[in-house]
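Each position in the sequence shown, counted from 1, maps to that position plus 969 in the working numbering.
In what follows, a structure is listed as structure tokens, so that the remarks can point back to it.
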Amino acid sequence: MEKELCQICHHRIAEHKFVRVINGVETPYRVCSHCKALMDNKYKELKAKAALRQTPMEERVCPFCGSRLKDFMATGLLGCDHCYRVFEEYLLEYVRGYHGAVQHVGMDASPPPPIDVESLYRELKEAVDSKNYEKAAEIKKRIDANWEGD
Ligand SMILES: [Zn+2]
Ligand SMILES: [Zn+2]
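Now the structure itself:
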């Protein structure tokens, strides 16, 4: 069988071939294990996010540490890495409010390489914990860029 390269990283051999339905359109994928794992993570994230959007911000509870939004508002600190996903929209507004408009990437910006979203969220937590909101906004932008294209 002919060896094909992964269509995402164009670097490793595509070991996984599958079809994913995106917006009602069947999209074939040929990807390596590394990119497949990233895609699966992202897919799970998006599903969890969609479920979360149904819940009002004030009623959300971080499933990992039990933090609520009021805890963050009281202390300015989040309980754990996962809190960022639970309260993401609020935090984005928080970062925006502090630092003005979040900058947009120019049209000619090259697409970002596959990013380990987990580590970005960890960086985001560190940035907010150390009240470095400028850095937090920058990291948030990178996370958003990584969500695009789905
Ligand atoms: Zn790949
Ligand atoms: Zn948490």
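Even glycine gets a Cβ: it sits at the ideal position worked out from N, Cα and C.
Leaving aside the five residues before and after residue i along the sequence, list all residues of the same chain whose C-beta is less than 8 Å from its C-beta, in chain order.
i: R1054; result: E1014, A1017, K1018, L1021, Y1090
i: L1038; result: M1026, E1027, R1029, F1056, Y1059
i: K1109; result: L1060, L1061, V1064, V1071, L1093
Looking at the structure shown, is residue i part of a helix, part of a strand, or coil, going by DSSP?
i: A973; result: It is Glu, not Ala, that sits at residue 973 in the sequence shown. Three-state result, E973: coil.
i: R1041; result: This sequence places Phe at residue 1041; Arg is not what is there. F1041 falls in the helix class under three-state DSSP.
i: C1052; result: helix
i: K1100; result: coil
i: E1004; result: According to the sequence as given, residue 1004 is Cys; it is not Glu. DSSP places C1004 in helix when its eight states are reduced to three.
i: L1047; result: coil
i: D1009; result: helix
i: D1113; result: helix
Any idea which residues DSSP pairs residue i with across the strands?
i: R989; result: T996
i: V1064; result: Beta-bridge pairing links V1064 to no other residue.
i: I982; result: L974
i: V1030; result: R1037
Which same chain residues end up closer than 6 Å to residue i when comparing Cβ atoms and leaving out the 5 residues on each side of it in sequence?
i: V988; result: E995, P997
i: R999; result: E973, Q976, A983, K986
i: F1041; result: L1047
i: K1011; result: none
Which residues in the same chain as residue i place their Cβ atom closer than 7 Å to its Cβ, once the five residues preceding and following it in sequence are excluded?
i: F1033; result: C1049, H1051
i: C1031; result: G1048, C1049, H1051, C1052, V1055
i: K1104; result: A1096
Margin query: Across the region 1025 to 1039 and the region 999 to 1008, are there enough close Cβ pairs to call them in contact, namely three or more that are closer than 8 Å?
Written below: no
Check: What residues sit near ligand 2, counting only those whose C-beta is closer than 5 Å to one of its heavy atoms, in chain order?
Finding: C1031, F1033, C1034, S1036, G1048, C1049, H1051, C1052
Check: Got a list of residues with beta-carbon closer than 5 Å to any non-hydrogen atom of ligand 1, in chain order?
Finding: C975, I977, C978, R981, C1001, C1004
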